[in-house]
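Asker: Can you keep this structure in mind? I'll have questions shortly.
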Amino acid sequence: MSRIVVLISGGGSNLQSLLDQCQSGTLNAEIVAVISNRPDAFGLSRARQAGVKALTLDHKGFANRADFDRSLADLIDDQRPDLVVLAGFMRILTDDFVNRFLGRMINIHPSLLPRYPGLNTHQRALDAGDPAGGATVHFVTTQLDGGPAIAQVEVPIDAADDAVSLAKKVLTQEHKLYPVVVDWFVSGRLQLDRNQAVFDGTPLPKSGRLLDTATL
Ligand code: NHR
Ligand code: GAR
């Protein structure tokens, strides 16, 4: 069974969705550890509640990013994961770190990449008058939120939406999207090949596969 390490910084609702699907057997994988850079992250309690090892590596205890990232990478390697999953992890990772886990680390980002890499994505989509927001799962590369996309979901933006309501709607879809992509990876259907995401032997389109919210 595939071993997964999940990195978080906060609430961990995406983590919860993955924990639930591992627990129910829908996802044929074991979350062997959850690591947070913030000691107060609620997601750590979710891990403990599920009987999963919960670890904190506080970035505030390090002089610089390179030192923190080396310790984090060593801690991850200790867990012998097949896949590293970023789920609301809020620290930019150094090139050395990314290269250690290249091809076996994915992130979920709350926008329709390549639109709005970085932070504050929902407000930026609203300010631009976009008809839809969404989320993207991508391989993590040294290009921030610029690694090859694997899959997306779209969420329509209504006139009444603000950043909070849109974030909530997108997050609900993230909870469905992320386990699907993790399943693709652990079942051997998904690879990173020469900076392209390959699914069932076929390169995926630039923005990944668009999954229909109705069938997720
Ligand atoms: N690192 C690399 N190299 N590549 C990616 O694609 C990464 C990454 C690290 C995190 C998640 C990403 C997101 O989905 C992610 C992708 C944090 C920031 C950020 O600016 C930006 C993007 C993402 C995560 N972080 C601030 C920093 O200085 C701190 C912000 C805070 O602590 O609240 O690290 O959006
Ligand atoms: C999610 O919307 C995720 O896409 C986003 O933060 C939220 C985490 O929620 N990630 C980022 O913004 C990464 N910079 P969760 O902790 O409840 O899963």
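According to my numbering, numbering within the sequence shown proceeds without interruption in unit steps and concludes at 306.
Cβ atoms here follow ideal geometry from the backbone N, Cα and C, with glycine treated the same way.
Tell whether a beta-carbon distance below 8 Å holds between V230 and L162.
Answerer: Cβ atoms of V230 and L162: not closer than 8 Å.
Asker: Would you identify the three-state DSSP class for I198, choosing helix, strand or coil?
Answerer: Strand, per DSSP.
Asker: Should L173 be listed as close to the ligand NHR, given that the test is whether its C-beta is under 7 Å from any heavy atom?
Answerer: No, the ligand NHR has no heavy atom inside 7 Å of this Cβ.
Asker: State the DSSP-derived secondary structure class of Q139, mapped to helix, strand or coil.
Answerer: In this structure, Q139 counts as helix in the three-state DSSP scheme.
Asker: Following a CB-centred definition, is N197 positioned closer than 7 Å to any heavy atom of the ligand NHR?
Answerer: Yes, the Cβ of N197 comes within 7 Å of a heavy atom of the ligand NHR.
Asker: So what does G236 bridge to, in DSSP terms?
Answerer: Looking at the DSSP assignment, G236 forms no beta bridge with any residue, so it has no partner.
Asker: Could you tell me which of F132, F191, V122 and R128 sits nearest to V142, measuring between CA atoms?
Answerer: It is V122 whose Cα lies nearest to the Cα of V142.
Asker: With distances taken from CA atoms, which of I166, R160 and S297 is nearest Q242?
Answerer: Nearest C-alpha to Q242: S297.
Asker: Answer with buried or exposed for V271, where buried requires no fewer than 16 other C-beta atoms within 10 angstroms of its C-beta.
Answerer: By the 10 Å Cβ count, V271 comes out buried.
Asker: Consider the C-beta atom of G208 and the heavy atoms of the ligand NHR; say whether any pair is separated by less than 7 Å.
Answerer: Yes, the ligand NHR has a heavy atom inside 7 Å of this Cβ.
Asker: On a Cα-Cα basis, can you pick out the residue from L173, N197, E244 and A215 that is closest to P238?
Answerer: Of L173, N197, E244 and A215, the residue nearest in Cα terms is N197.
Asker: Can you determine whether any heavy atom of the ligand NHR sits closer than 7 Å to the C-beta of V243, and answer yes or no?
Answerer: Because no heavy atom of the ligand NHR lies under 7 Å away, the Cβ of V243 does not count as near it: no.
Asker: Out of I166, S277, D220 and D130, which one is the CA nearest neighbour of R190?
Answerer: Closest by alpha carbon: I166.
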